[in-house]
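Count along the sequence shown from 1, add 67, and you get the number used in our numbering. Every residue, glycine too, gets a C-beta built ideally from N, C-alpha and C. To keep things clear, I will list the structure first and then write my remarks on it.
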Amino acid sequence: MLDFIKKLFGGNSVNFKQLYQEGAKIIDVRTPSEFQNGHIKDSVNIPLQELNSRMKKFDVKKPIITCCASGMRSASAKSILEQNGFQAYNGGSWNALENKIKR
């Protein structure tokens, strides 16, 4: 069960800082109003319900890190992206992800 939860939420084995430094795109799947109240610099805001129609603009060969408010929507986004051939990682909450890529 713990392995499933780690996999769902990105686990501790993912080096988000390294992924980001190597060019991974960050997709924030919160609503535009949530995004306006704070977000990671250079992240792209694509609300979860719009992800299917807007993912075509990303390179399937480049990794994507998803984030949201708590990690639940970003887990769904990660799953959607993976089903469409992307290498995706759930960064969890945008605050926590920001701390991980800045340290």
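Of the listed residues the options, nearest to residue i (C-alpha basis)
{"i": "V120", "options": "Q85, L164 and N151", "result": "Just to set this straight, residue 120 is Ser in the shown sequence, not Val. Measuring from the Cα of S120, the nearest candidate turns out to be N151."}
{"i": "D95", "options": "N162, C135 and K129", "result": "C135"}
{"i": "A142", "options": "Y87, Y156 and Q85", "result": "Y156"}
{"i": "M122", "options": "H106, Q154 and D109", "result": "Q154"}
{"i": "L148", "options": "T133, G159 and S160", "result": "T133"}
Rounded straight-line distance, which links the Cα of residue j to that of residue i
{"i": "P114", "j": "I93", "result": "13 Å"}
Contacts around residue i, its chain only, beta-carbon distance under 6 Å, and the 5 residues preceding and following it disregarded
{"i": "V81", "result": "Y156"}
Residue i in three-state terms, based on DSSP
{"i": "K92", "result": "strand"}
{"i": "I131", "result": "strand"}
{"i": "A137", "result": "Residue 137 is actually Ser in this sequence, not Ala. DSSP places S137 in coil when its eight states are reduced to three."}
{"i": "N157", "result": "strand"}
{"i": "N119", "result": "helix"}
Contacting residues, own chain, Cβ-Cβ under 8 Å from residue i (five flanking each side not counted)
{"i": "A87", "result": "A quick correction: the sequence has Tyr, not Ala, at residue 87. Cβ neighbours of Y87 beyond the five flanking positions: I93, I132 and I168."}
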